[in-house]
Amino acid sequence: MANVKLFVDHALLSCSDAGLDGLMAEMRTLLCVRLQVAEAACQLAVVGVTGLPDQPAVNVELSILPKPERTREMLTALCEALRERVVRATGARAAIRCAQLDGTSYIALK
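Throughout the sequence shown, residue numbering follows the numbering used here, covering 219 to 328 in sequence.
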């Protein structure tokens with residue numbers, strides 16, 4: 219399971235809409251490979267926001283369920299790969315945050 223929200227500043231969103239669709243598809247492929255999950259387990263969304271000018275124009279929040287092989291080092295490398303793709307697609311500074319959810323209390327209805 220991978221839930222990804224890309225919070226994109228409205229100023230950037232209006233000029234990079236087309237590239238974001240391709241970016242989301244590329245990110246989903248990366249997540250499926252690195253986290254060993256099926257595409258159906260991934261949910262990606264772009265949300266337009268208004269932020270302060272000194273903050274990154276793109277903020278990516280990744281929520282996943284923990285597994286023993288998802289070590290800090292593995293997840294850090296995944297976040298770096300995600301940030302690289304976001305920066306390449308948008309040309310903007312990006313922040314990535316990754317949180318592992320409590321698998322015993324997490325509920326998802328699809």
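The C-beta atom is built at its ideal place from N, Cα and C for all residues, glycine as well.
Q) Once you ignore the five residues that flank G269 on each side, which residues in its own chain have a CB closer than 7 Å to its CB? A) The residues are D227.
**Q.** Test: I325 CB closer than 9 Å to a CB of chain C
**A.** The structure shown contains no chain C; it holds only a single protein chain.
Q | Residue(s) in a DSSP beta bridge with E279 | A | K223 and R315
Q | Element boundaries [beta strand (DSSP E), containing L262] | A | C260 to V267
**Q.** Simplified DSSP state of R290, which is helix, strand or coil
**A.** Assigned with DSSP and collapsed to three states, R290 falls in helix.
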